[in-house]
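Residue numbers (the working numbering): 78 to 188.
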């Protein structure tokens with residue numbers, strides 16, 4: 078796991094995501110998912126570029142079904158942006174970095 082990315086689990090999801098004082102981008106993924114592997118470097122770049130404003134975590138849906146089920150994850154990759162325990166944005170499927178940032182940009186503005 079990259080240095081700016083947290084490994085999320087059913088056990089730490091509440092503390093790391095829902096109780097976070099930062100915006101949190103969660104990547105719901107699985108090892109067997111080719112599109113998940115395609116966007117992994119993009120998610121890593123975003124984690125590094127926005128480290129001051131954004132916390133990024135990855136949750137493997139195969140090992141953490143409880144959280145995936147709670148958020149109705151049917152297709153992966155699914156990216157969800159959380160703030161104060163609420164989902165602000167949900168993005169399903171792989172896409173180029175510019176498209177992903179276009180969806181996230183309004184939340185990532187400097188304070």
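Just so it is clear, CB atoms sit at the ideal spot from N, CA and C, and this is done for glycine as well.
Check: What three-state label does DSSP hand residue 132 in the structure shown?
Finding: Numbered from its first residue, the chain shown carries residue 132 at position 55. Collapsing the DSSP output to three states places residue 132 in a strand.
Margin query: Based on DSSP bridge pairs, tell me the residues matched to residue 155.
Written below: Here residue 155 is taken as the residue at index 78 of the chain shown, counted from 1. Beta bridge pairing from DSSP links residue 155 with 105, 169.
Check: Would you say residue 152 and residue 164 are within 8 Å of each other, going by their C-beta atoms?
Finding: To locate residue 152, count along the chain shown from 1; it is residue 75. To locate residue 164, count along the chain shown from 1; it is residue 87. No. Outside cutoff.
Item checked: Endpoints, the alpha helix (DSSP H) within which residue 181 is located -> To locate residue 181, count along the chain shown from 1; it is residue 104. First-last of the alpha helix (DSSP H) with residue 181: 174 to 181.
Item checked: Inter-residue Cα distance where the pair is residue 159 and residue 102 -> Here residue 159 corresponds to residue number 82 of the chain shown, with the count starting at 1. Here residue 102 corresponds to residue number 25 of the chain shown, with the count starting at 1. So the two alpha carbons sit approximately 6 Å from each other.
Next item on the list: Can you tell me which of 128, 131, 145 puts its alpha carbon nearest to the alpha carbon of residue 137?
Entry: Reading the chain shown from its first residue, position 60 is the one you call residue 137. Comparing Cα positions, the closest option is 145.
Next item on the list: State the start and end residues of the unbroken beta strand (DSSP E) segment that holds residue 82.
Entry: Sequence index remark: in the chain shown, residue 82 carries index 5 (1-based). Run containing residue 82: 82 to 85, per the beta strand (DSSP E) assignment.
Note to self: Between the alpha carbons of residue 180 and residue 166, how many angstroms are there, rounded?
What the structure shows: One-based indexing of the chain shown puts residue 180 at position 103. One-based indexing of the chain shown puts residue 166 at position 89. The alpha-carbon separation between residue 180 and residue 166 amounts to approximately 8 Å.
Checklist line | Span of the alpha helix (DSSP H), counted from its first residue to its last, around residue 143 | finding: Numbered from 1 along the chain shown, position 66 holds the residue referred to as residue 143. Bounds of the alpha helix (DSSP H) holding residue 143 are 142 to 147.
Notebook entry, point to check: How would you write the range of the alpha helix (DSSP H) that residue 113 sits in, first residue to last?
Noted result: Within the chain shown, the letter at position 36 stands for residue 113. Looking at the DSSP string, the run of the alpha helix (DSSP H) that includes residue 113 is 111 to 126.
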